[in-house]
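To start, the structure itself, in structure tokens.
See the structure below:
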């Protein structure tokens, strides 16, 4: 299985097969938080750079190959993710959806199926637009 690694100033993204693993370069205290199969929470300040990292994944040929192989043509839609919800008590933004802990658990890492990257990017972009971050 071929792997691809993409780096942004704040995130390292590794892809293998139809999965992308996101690792925060310098983890924020307490985050990211992942509830395997149910969602994730990121510090609100991380959302702009995470949105950019999702966009970088969408530029990769492996992303488009995964989308082409997906049996469910609506798999990349935003509806698999909840609208982001900010918790003012801890400063994290919570998003329910198909996010997982990696098999090998490096600190501050989580995985997404490549077909779900676009939907999460749409949700985060809408949140950022509404919050003007």
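Numbering (the numbering used here), first residue to last: 14 to 146.
A virtual CB, placed ideally from N, CA and C, is assigned to each residue, including glycine.
Taking the Cα positions, residue 51 is about 18 angstroms away from residue 36. In the three-state reduction of the DSSP assignment, residue 21 falls in the coil class, being assigned neither a helical nor a strand state.
Here DSSP, grouped into helix, strand and coil, assigns residue 41 to coil. Taking residue 63 as the centre and dropping the five residues before and after it, the same chain places the C-beta of 23, 24, 35, 55 and 137 closer than 8 angstroms to its C-beta, in chain order. Taking the CA atoms as reference points, residue 126 sits about 11 angstroms from residue 115.
Beyond the five residues adjoining it in sequence on each side, residue 41 comes within less than 7 angstroms, by CB distance, of 56 and 59 in the same chain, given in chain order. In the three-state reduction of the DSSP assignment, residue 103 falls in the coil class, being assigned neither a helical nor a strand state. A residue is called buried when at least 16 other Cβ atoms come within 10 angstroms of its Cβ; residue 43 does not meet this threshold and is exposed.
Contact annotation: residue 89 and residue 132 have beta-carbon atoms nearer than 8 angstroms. If you compare the alpha carbons of 76, 95 and 61 with that of residue 142, the shortest gap goes to 61.
Taking the C-beta atoms as reference points, residue 97 is found nearer than 8 angstroms to residue 108.
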